[in-house]
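Everything in the sequence shown is counted per my numbering, starting at 3 for the first residue and increasing by one.
Below: the structure, in structure tokens.
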Amino acid sequence: MQTNSGLEHRDHVSVFLWYHLFTSYIRTLTTHTTQRCSDYNLINIEQSLAQVEEIQNLCVKNNKKALLYISMGFGNPYGDEYNADIVFHWFRKLVELGVEHIALADTVGVSNPENIDYIFSNLIPEFPDMHIGAHFHSHPHNWEEKILAAWNSGCRSFDSSIKGIGGCPMAKDELVGNIATENMLLFAHKHKIPLKINDAAFNTAAQMAVEVFV
3 MQTNSGLEHR DHVSVFLWYH LFTSYIRTLT THTTQRCSDY NLINIEQSLA
53 QVEEIQNLCV KNNKKALLYI SMGFGNPYGD EYNADIVFHW FRKLVELGVE
103 HIALADTVGV SNPENIDYIF SNLIPEFPDM HIGAHFHSHP HNWEEKILAA
153 WNSGCRSFDS SIKGIGGCPM AKDELVGNIA TENMLLFAHK HKIPLKINDA
203 AFNTAAQMAV EVFV
């Protein structure tokens with residue numbers, strides 16, 4: 003459940019009540035490290051945190067788990083103040099609210115192996131019981147170095163999309179987009195990481211994606 007521009011308080015509740023019938027996890031990107039993201043979503047960071055608290059309370063009440071995304075988790079190109087301590091600050095705020103699943107997002111492709119390693123190498127040892135994931139957007143030439151840096155730093159949860167479909171309108175390079183699931187499968191095979199994947203079902207889904215999105 004992503005917070006879109008103009009989404010009102012009552013809509014959060016109604017969307018939640020519909021969505022929770024079909025899944026055990028509620029996904030939402032409502033916490034930002036930059037004012038730019040807050041402006042884009044028509045709310046400031048404090049209002050965003052209040053929405054997160056509401057969503058978390060609803061999840062607890064309905065026996066669900068919230069998966070929260072911290073956007074601009076590895077830097078931003080807009081001139082806002084950014085450093086790793088800001089990320090750590092907001093991460094701890096979410097932990098204080100009882101959130102157990104948090105993913106760090108880079109939807110404009112500014113992350114690199116160095117800052118990826120620094121962020122995860124600090125957070126994962128501090129919060130060993132947390133489910134800490136990564137949502138990267140990348141250029142076709144540098145996706146693997148990002149995944150490898152996160153993996154070597156202890157991250158074990160990665161978002162991807164079939165054929166890398168999807169991107170961010172705020173990214174400066176139109177080639178920057180989601181990590182392709184096909185690449186994640188290649189990475190797992192290369193590093194002998196066991197996966198529970200139905201290859202036939204995945205190939206069918208990949209073909210459907212070509213027909214639907216291309």
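Beta carbons are placed, not taken as given, at the ideal position from N, Cα and C, and that holds for glycine.
>> For residue 70 and residue 54, which I take to be in contact (beta-carbon distance under 8 Å), what is that distance rounded to the nearest angstrom?
In response: 6 Å
> In angstroms, rounded to a whole number, what distance separates the CA positions of residue 112 and residue 158?
Replying inline: 21 Å
>> Does the contact criterion of 3 or more C-beta pairs under 8 Å hold for the region 58-73 versus the region 90-107?
In response: yes
>> Taking 6 Å as the limit between beta carbons, can you name the residues of its chain near residue 155, skipping five residues before and five after?
In response: 119, 122 and 123
> What are the boundary residues of the alpha helix (DSSP H) that residue 57 is part of?
Replying inline: Residues 47-63.
> Which ranges does the alpha helix (DSSP H) cover as unbroken runs of at least 4 residues, wholly within the region 57-111, from first to last along the chain?
Replying inline: 86-98
>> How far does the beta strand (DSSP E) with residue 207 in it extend, from its first residue to its last?
In response: Segment 201-215 is the alpha helix (DSSP H) holding residue 207; no beta strand (DSSP E) there.
> How many Å lie between residue 129 and residue 135 at the Cα?
Replying inline: 12 Å
> Would a C-beta distance cut-off of 8 Å place residue 117 and residue 76 closer than the cut-off?
Replying inline: yes
>> Comparing C-alpha positions only, which one of 152, 153 and 141 sits nearest to residue 167?
In response: 141
> Going along the chain, which residues of its own chain have a beta-carbon closer than 6 Å to the beta-carbon of residue 214, five neighbours each way excluded?
Replying inline: Sequence-distant partners of residue 214 (beyond 5 residues in either direction) whose C-beta falls short of 6 Å from its own C-beta are missing from its chain.
>> I need the straight-line Cα distance from residue 41 to residue 194, nearest angstrom please.
In response: Caution is warranted here: a pLDDT of 49 is assigned to residue 41, below 50, making its placement in the model unreliable, and the coordinate value is therefore given only provisionally. Cα to Cα, the separation comes out at about 43 Å.
>> Does residue 202 pass the burial test, meaning 16 or more other C-beta atoms within 10 Å, or should it be called exposed?
In response: exposed
>> Using only the alpha-carbon positions, how far apart do residue 56 and residue 204 sit?
In response: Taking the straight line joining both Cα atoms gives about 35 Å.
>> By the three-class DSSP mapping on this structure, what secondary structure does residue 138 have?
In response: strand
> Hey, residue 139 and residue 109: beta-carbon distance below 8 Å or not?
Replying inline: yes
> Going by other Cβ atoms of all chains shown within 10 Å of its Cβ, with 16 needed for buried, is residue 7 buried or exposed?
Replying inline: Residue placement at residue 7 is flagged as unreliable, the pLDDT there being 31, under the threshold of 50; a coordinate-derived value is accordingly withheld.
> Given that a residue counts as buried once 16 or more other Cβ atoms are within 10 Å of its Cβ, and exposed if not, what is residue 148?
Replying inline: Buried: at least 16 other Cβ atoms inside 10 Å.
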